[in-house]
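Numbering (the UniProt record's numbering), first residue to last: 275 to 565.
Have a look at the structure below, then the notes.
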Amino acid sequence: EAKEAGRNTFRVYADEMREEAKSRLELEARLRGAAGRDEFELFLQPLVSPYGREVLSAEALLRWNDPKRGMILPGGFIELAEDRGLIGEIGNWVLGETCRLARLLQAERQPLRLGLNISMRQLETPGLADRVERAVARAGADPNLLEVEIAESLLMRASAGAVRTLEQLRELGLSVAVDDFGMAYSNLQRLRDLPIDRVKIDRSLVKDIANSDSACAILQAVLRLIEGMGYDCAVEGIENDEQAQIVSVIGCEAMQGFGIARPMPADAFLAWARERRSDGAAECEGQPLPR
Ligand code: C2E
Ligand code: MG
Ligand code: MG
Ligand code: MG
275 EAKEAGRNTF
285 RVYADEMREE
295 AKSRLELEAR
305 LRGAAGRDEF
315 ELFLQPLVSP
325 YGREVLSAEA
335 LLRWNDPKRG
345 MILPGGFIEL
355 AEDRGLIGEI
365 GNWVLGETCR
375 LARLLQAERQ
385 PLRLGLNISM
395 RQLETPGLAD
405 RVERAVARAG
415 ADPNLLEVEI
425 AESLLMRASA
435 GAVRTLEQLR
445 ELGLSVAVDD
455 FGMAYSNLQR
465 LRDLPIDRVK
475 IDRSLVKDIA
485 NSDSACAILQ
495 AVLRLIEGMG
505 YDCAVEGIEN
515 DEQAQIVSVI
525 GCEAMQGFGI
535 ARPMPADAFL
545 AWARERRSDG
555 AAECEGQPLP
565 R
């Protein structure tokens with residue numbers, strides 16, 4: 275009896291594994307060539323100043339409009355793309371499209387800096403700086419309006435070659451941000467020595483600030499530490515007005531989060547930023563954040 279039940283459990287488990295492997299393969303097959311079929315899109319999420327809530331920059335976030343499953347977030351395919359050697363093609367599409375959007379914002383007289391996310395595989399692949407230089411030139415974009423974002427966990431293990439690539443990107447005029455900074459991986463000496471401009475504080479350090487004095491103290495200490503190294507700071511994951519108010523009091527250059535605005539398609543972002551400018555951003559100070 276027990277043996278029989280065990281066998282059944284095993285069969286169900288094996289079936290599930292087979293199903294999962296199958297759907298992974300199907301996903302990979304669809305992901306291959308998705309760039310060529312024009313299925314990718316970049317959403318933009320603004321970063322604003324804590325005081326006037328002035329729009330300072332935006333982060334480009336990849337979306338895949340899969341004909342079968344609808345919109346898929348990066349969490350659902352970036353890792354697969356890395357494992358299956360598809361990240362190069364996807365990364366090139368993201369690079370070209372970010373440059374095109376940067377150029378579009380310039381043309382709309384909203385020359386905002388755009389952040390683009392780079393995975394470790396991309397950074398470690400030789401020739402990234404050349405590809406960036408060509409993409410920027412082709413689009414006629416201003417390289418000073420582009421910023422690459424690389425996760426702290428990856429950056430701390432970056433090879434000398436990858437660090438050199440970051441230096442080259444900065445020589446081209448781009449800036450470099452450490453993404454998802456939570457101190458879990460950081461060697462502070464290393465952080466000080468890296469060729470970076472900005473640190474984006476992970477939302478795990480923001481989550482509890484509205485109801486915990488110690489969480490506030492930690493965020494404050496981390497912000498002061500980073501400023502002390504001479505870097506700009508941005509705080510991610512601001513989900514409500516209470517958190518925004520606290521971060522404004524602690525002080526940092528920029529805030530980003532669903533409580534300010536969700537990532538949105540480029541045209542919606544342009545309309546949002548335009549409306550915000552005509553409203554007079556300074557009037558928003560101290561008022562509830564718009565939804
Ligand atoms: P990330 O670079 O840290 O981007 C921020 C993520 O947090 C985005 O998720 C964004 O939608 C989400 N977010 C923003 N504000 C809030 C908030 O207030 N609360 C919460 N809970 N989440 C918030 P998304 O778009 O799903 O992207 C996830 C990750 O995928 C990104 O994290 C980035 O590491 C990666 N990614 C996105 N686009 C690209 C890309 O073009 N290339 C590569 N290689 N990776 C990308
Ligand atoms: Mg990012
Ligand atoms: Mg981030
Ligand atoms: Mg993050």
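In this text, a Cβ means the ideal position worked out from N, Cα and C, and glycines have one as well.
Remember, predicted model here, so these are calculated numbers, not experimental data.
Residue i burial status per 10 Å Cβ neighbour count (16 or more: buried)
{"i": "GLU549", "result": "exposed"}
{"i": "ARG327", "result": "buried"}
{"i": "LEU390", "result": "buried"}
{"i": "GLN396", "result": "buried"}
{"i": "MET529", "result": "buried"}
{"i": "GLU278", "result": "exposed"}
{"i": "GLU290", "result": "exposed"}
{"i": "GLU300", "result": "exposed"}
{"i": "TYR505", "result": "buried"}
{"i": "GLY435", "result": "exposed"}
{"i": "SER331", "result": "buried"}
{"i": "THR439", "result": "buried"}
{"i": "GLY531", "result": "buried"}
Rounded distance between the beta-carbons of residue j and residue i, thought under 8 Å
{"i": "GLU510", "j": "ARG477", "result": "5 Å"}
{"i": "ILE352", "j": "SER393", "result": "7 Å"}
{"i": "LEU420", "j": "ALA376", "result": "6 Å"}
{"i": "ALA535", "j": "GLN319", "result": "6 Å"}
{"i": "PRO469", "j": "GLU441", "result": "5 Å"}
{"i": "GLU302", "j": "ARG343", "result": "Not a contact, Cβ separation roughly 13 Å."}
{"i": "PRO417", "j": "LEU388", "result": "In fact, because the Cβ distance is near 11 Å, the residues do not count as touching under 8 Å."}
{"i": "GLU382", "j": "LEU544", "result": "6 Å"}
Straight-line Cα distance separating residue j from residue i
{"i": "ARG405", "j": "ILE346", "result": "27 Å"}
{"i": "THR372", "j": "VAL473", "result": "20 Å"}
{"i": "ASP467", "j": "ASP515", "result": "35 Å"}
{"i": "GLY329", "j": "LEU386", "result": "Correcting the residue identity first, residue 329 is Val in this sequence and not Gly. If you take the alpha carbons of VAL329 and LEU386, they lie about 8 Å apart."}
{"i": "CYS558", "j": "ARG408", "result": "Bear in mind that a pLDDT of 47 at CYS558, under 50, signals an unreliable position, so the number given afterwards is only what the model happens to contain. The straight-line gap from Cα to Cα measures roughly 40 Å."}
{"i": "ARG285", "j": "ARG292", "result": "10 Å"}
{"i": "ALA288", "j": "LEU305", "result": "25 Å"}
{"i": "VAL450", "j": "LEU497", "result": "17 Å"}
{"i": "GLU356", "j": "SER552", "result": "42 Å"}
{"i": "LEU378", "j": "PHE455", "result": "30 Å"}
{"i": "ARG337", "j": "ALA413", "result": "21 Å"}
{"i": "residue 567", "j": "VAL521", "result": "Residue 567 lies beyond the range of the chain shown here (275 to 565); nothing can be said about it."}
{"i": "PRO400", "j": "GLY280", "result": "51 Å"}
{"i": "ASP453", "j": "ASP471", "result": "11 Å"}
{"i": "ARG444", "j": "PRO348", "result": "26 Å"}
{"i": "GLU398", "j": "GLY365", "result": "13 Å"}
{"i": "ALA484", "j": "CYS490", "result": "8 Å"}
{"i": "TYR325", "j": "MET503", "result": "23 Å"}
{"i": "ALA556", "j": "ASP312", "result": "In this prediction, ALA556 has a pLDDT of 48, which is less than 50 and means its spatial position is unreliable; what the coordinates show is noted afterwards. Their Cα atoms are separated by approximately 39 Å."}
{"i": "ASN339", "j": "GLY310", "result": "13 Å"}
{"i": "ALA415", "j": "VAL422", "result": "15 Å"}
{"i": "PRO564", "j": "LYS481", "result": "At PRO564 the pLDDT is 46, less than 50, meaning the model places this residue with poor confidence; the figure from the coordinates comes in the next sentence. When rounded, the distance between both Cα atoms is 20 Å."}
{"i": "VAL368", "j": "ALA403", "result": "15 Å"}
{"i": "residue 566", "j": "LEU479", "result": "Nothing can be reported for residue 566, as the shown portion of the chain is limited to 275 through 565."}
{"i": "LEU446", "j": "GLY370", "result": "16 Å"}
Check: residue i C-beta below 7 Å from any heavy atom of ligand 2
{"i": "GLU353", "result": "no"}
{"i": "ASP476", "result": "no"}
{"i": "residue 566", "result": "Absent from the structure is residue 566, since the part of the chain shown begins at 275 and ends at 565."}
{"i": "GLU423", "result": "yes"}
{"i": "GLU333", "result": "yes"}
Closer than 7 Å: residue i CB and nearest ligand 5 heavy atom
{"i": "ASP453", "result": "This structure simply doesn't include ligand 5; it includes ligand 1, ligand 2, ligand 3 and ligand 4 instead."}
Closer than 7 Å: residue i CB and nearest ligand 1 heavy atom
{"i": "PHE532", "result": "yes"}
{"i": "GLN519", "result": "no"}
{"i": "GLY435", "result": "no"}
{"i": "SER393", "result": "yes"}
{"i": "GLU398", "result": "no"}
{"i": "GLY456", "result": "no"}
{"i": "GLY326", "result": "no"}
{"i": "VAL322", "result": "no"}
{"i": "PRO539", "result": "no"}
{"i": "GLN319", "result": "yes"}
{"i": "GLY349", "result": "yes"}
{"i": "LEU305", "result": "no"}
{"i": "GLY370", "result": "no"}
{"i": "LEU493", "result": "no"}
Residue i: CB within 7 Å of a non-hydrogen atom of ligand 3
{"i": "GLU513", "result": "no"}
{"i": "GLU300", "result": "no"}
{"i": "ARG527", "result": "The identity of residue 527 in the sequence shown is Glu, whereas the question assumes Arg. Every heavy atom of ligand 3 is 7 Å or more from the Cβ of GLU527, so no."}
{"i": "GLU426", "result": "no"}
{"i": "GLU510", "result": "yes"}
* To do: Report yes or no: do the segment 420–436 and the segment 448–460 share at least 3 C-beta pairs separated by less than 8 Å?
  => yes
* To do: Specify whether the segment 537–547 and the segment 304–320 touch according to this definition: at least 3 beta carbon pairs, one from each stretch, less than 8 Å apart.
  => yes
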